[in-house]
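Peer 1:
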Amino acid sequence: MSASPTTTFDDNNTDTSTLTNPTLVLNCGSSSIKYALISDDNATRITGLAENLGLDTARIKHTTLNGEKLEISIPGGRHKLALQKILELLEQYHFIAVGHRVVHGGREYSEAVRVDEHVLDEVKRLKVLAPLHNPANALGIEAVQAIYPDMPQVVVFDTAFHQTMPPVAFRYPLPKALYEEHKIRRYGFHGTSHAYVSERATEITDASGTHGWLTAHLGNGCSATAVYDGKSLDTSMGLTPLEGLMMGTRSGDVDPSLHIHLKRQLDMSLEDIDTMLNKESGLLGISGLSNDLRTIEQAASEGHKDAELAIEMFCYRVGKYLASLSCALPELTGIVFTGGIGENSVTTRTRILEVMRHFGIKVDVDKNAKLVGGNEGSFHSSDSSLELWVIPTDEEGRIAQETREALNLV
Ligand code: AMP
1 MSASPTTTFD
11 DNNTDTSTLT
21 NPTLVLNCGS
31 SSIKYALISD
41 DNATRITGLA
51 ENLGLDTARI
61 KHTTLNGEKL
71 EISIPGGRHK
81 LALQKILELL
91 EQYHFIAVGH
101 RVVHGGREYS
111 EAVRVDEHVL
121 DEVKRLKVLA
131 PLHNPANALG
141 IEAVQAIYPD
151 MPQVVVFDTA
161 FHQTMPPVAF
171 RYPLPKALYE
181 EHKIRRYGFH
191 GTSHAYVSER
201 ATEITDASGT
211 HGWLTAHLGN
221 GCSATAVYDG
231 KSLDTSMGLT
241 PLEGLMMGTR
251 SGDVDPSLHI
261 HLKRQLDMSL
271 EDIDTMLNKE
281 SGLLGISGLS
291 NDLRTIEQAA
301 SEGHKDAELA
311 IEMFCYRVGK
321 YLASLSCALP
331 ELTGIVFTGG
341 IGENSVTTRT
351 RILEVMRHFG
361 IKVDVDKNAK
371 LVGGNEGSFH
381 SSDSSLELWV
391 IPTDEEGRIA
401 QETREALNLV
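Be aware that the sequence shown starts at 1, since it is given in the UniProt record's numbering, and climbs by one per residue.
Rendered as structure tokens:
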């Protein structure tokens with residue numbers, strides 16, 4: 001496939017938008033592939049999702065440039081087949097590069113890098129740190145290589161943004177050899193999202209000087225980061241994405257002795273405990289209903305006690321973490337909320353800030369109420385000690401931008 005300076009087309013005679021020098025962004029998960037074809041000004045996009053891979057219900061949901069929705073069934077189809085179909089759907093738009101979201105870059109990578117044989121080997125080798133994700137990411141790279149051997153590809157690591165954390169934040173208080181010989185340390189995740197929203201907050205705030213932000217990415221996965229002068233200084237996720245905040249199905253922090261206790265008392269295997277902590281805990285575990293906050297909020301409004309406790313615990317744990325992460329920052333400008341919950345749940349934002357009641361934060365209730373459904377804006381009142389922002393995250397846009405930068409296309 002060759003580069004095309006400008007691809008203008010009339011999609012079903014209803015759209016005349018342009019996709020100029022588009023970059024394809026791929027996010028290959030263990031059973032799904034999210035993709036976005038993004039123009040070089042990040043303004044125009046085609047998006048889609050392949051889901052239920054490996055199952056009879058495997059399918060691709062594709063949204064065309066003019067918003068038309070297509071669904072393509074690929075029963076039993078796995079990553080390779082799904083990627084072939086996705087590339088077929090997008091071929092006509094002449095993309096010039098592919099950027100992959102890769103979950104774990106270990107301590108080797110602090111920025112996006114162009115794929116070569118060594119980088120691909122590293123992505124595969126780092127499966128020891130991300131067994132569910134890195135192999136799927138490697139499959140994505142290889143599938144593109146097989147069809148377009150000359151296509152420039154870049155990997156953007158979820159861990160890279162956190163490589164600026166100092167040892168005081170990234171080391172665990174464990175025997176030194178575990179770090180030196182086995183890379184046991186805190187890495188942090190959701191780096192692309194924390195990088196994007198903190199940079200955007202710095203761009204749109206009126207505050208002068210160097211900015212310190214607490215960024216709260218609250219979605220099905222949740223993490224919080226302390227960012228100062230554009231650098232991550234500490235974050236809530238650790239060696240794996242299980243550490244830190246309570247999430248949709250993940251527990252976040254628990255007593256590290258829980259494993260041995262459950263082994264001794266209930267004879268649970270390590271694998272069963274791991275599954276329980278990753279897939280059956282968090283909002284789902286406490287509410288007993290769902291990992292989806294909308295369902296839980298609805299049940300709580302109808303008097304469901306466990307749903308109410310799930311929300312209260314979630315907010316308490318986020319507020320407590322944000323307060324503790326503030327210790328990493330020389331100065332604190334404000335708090336940025338993002339992710340499905342952070343961008344949409346007005347009451348969750350309010351309750352988290354109530355937990356931080358000693359910080360002198362003042363919420364503008366009307367502004368807060370309007371920040372839903374992808375709106376960006378601030379919601380602190382003029383006498384608040386800290387700024388408060390909702391900034392919808394744009395991981396795909398950021399990956400496309402880093403891909404272009406890594407290839408010197410900007
Ligand atoms: P994400 O992983 O970023 O897509 O976020 C998923 C989470 O956002 C789920 O817990 C959803 O329930 C939550 N969410 C999305 N929209 C809303 C909403 N309008 N109100 C409350 N929670 C929402």
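All residues carry an ideal CB built from backbone N, CA and C; glycine is no exception.
(1) Which same chain residues, not among the five before or five after Lys-21, have their C-beta less than 6 Å away from its C-beta?
(2) Beta carbon of Asn-220: closer than 6 Å to some heavy atom of ligand 1?
(3) Thr-159 and Gly-105: beta carbons closer than 7 Å?
(4) Is the beta carbon of Gly-288 closer than 7 Å to that of Asp-306?
(5) Between which two residues does the beta strand (DSSP E) holding Phe-157 run?
(6) Between the beta-carbon of Glu-405 and the beta-carbon of Ala-36, is there less than 7 Å?
(7) So, are the CB atoms of Val-336 and Asn-368 less than 7 Å apart?
(8) Taking the C-alpha atoms as reference points, what is the distance between Ser-269 and Thr-275?
(9) In this structure, how does DSSP classify residue 431 when only helix, strand and coil are distinguished?
(10) Is the beta carbon of Ser-223 within less than 6 Å of some heavy atom of ligand 1?
(11) May I ask you to report which of helix, strand or coil DSSP gives Glu-68?
(12) Hey, is Asp-234 close to ligand 1, as in C-beta under 6 Å from one of its heavy atoms?
(13) Lys-183 lies in the beta strand (DSSP E); which residues open and close that run?
(14) Going straight from the alpha carbon of Glu-203 to that of Ala-226, what length do you get?
(15) Could you tell me how far apart the beta carbons of Thr-249 and Glu-280 are, in whole angstroms, since I believe they sit closer than 8 Å?
(16) DSSP three-state label for Thr-6, please.
(17) Cβ of Thr-348 within 7 Å of Cβ of Ile-341?
(18) Using three-state DSSP, classify Asn-42 as helix, strand or coil.
(19) For a minimum of 3 consecutive residues, which ranges assigned as the beta strand (DSSP E) are wholly contained in the segment 293-368?
(20) Would the segment 66-86 and the segment 171-180 be scored as touching if the rule is three or more Cβ pairs under 8 Å?
(21) Per DSSP, what kind of secondary structure is Arg-398 in: helix, strand or coil?
(22) Across which residues does DSSP place Ser-232 in a beta bridge pair?
(23) Need the endpoints of the alpha helix (DSSP H) that Ala-195 sits in, please.
(24) So, at 8 Å on beta carbons, what are the nonlocal neighbours of Gly-377 in its own chain, with the 5 sequence-adjacent residues on each side left out?
(25) Closer than 6 Å by C-beta to His-133: which residues in its own chain qualify, once you throw out the five before and the five after it? Chain order, please.
(26) Would you say Thr-20 reaches chain C, if we count a Cβ-Cβ gap shorter than 7 Å as a contact?
Peer 2: This is what the structure holds:
(1) Note on identity: in this sequence residue 21 is Asn, with Lys being the wrong assignment. These residues qualify, in order along the chain: Asp-40, Ile-96.
(2) yes
(3) yes
(4) yes
(5) 153-157
(6) no
(7) no
(8) 10 Å
(9) Residue 431 falls outside the range modelled here, since the chain spans only 1 to 410, and no answer is possible.
(10) no
(11) coil
(12) no
(13) From DSSP, Lys-183 is part of no beta strand (DSSP E); its letter is neither H nor E.
(14) 17 Å
(15) 7 Å
(16) With a pLDDT of only 38 at Thr-6, under 50, the local geometry of the prediction cannot be trusted, and no value is derived from it.
(17) yes
(18) coil
(19) 334-338
(20) no
(21) helix
(22) Val-227
(23) 191-204
(24) Lys-367, Lys-370, Leu-371, Trp-389, Val-390
(25) Val-103
(26) You won't find chain C in this structure, because it holds only one protein chain.
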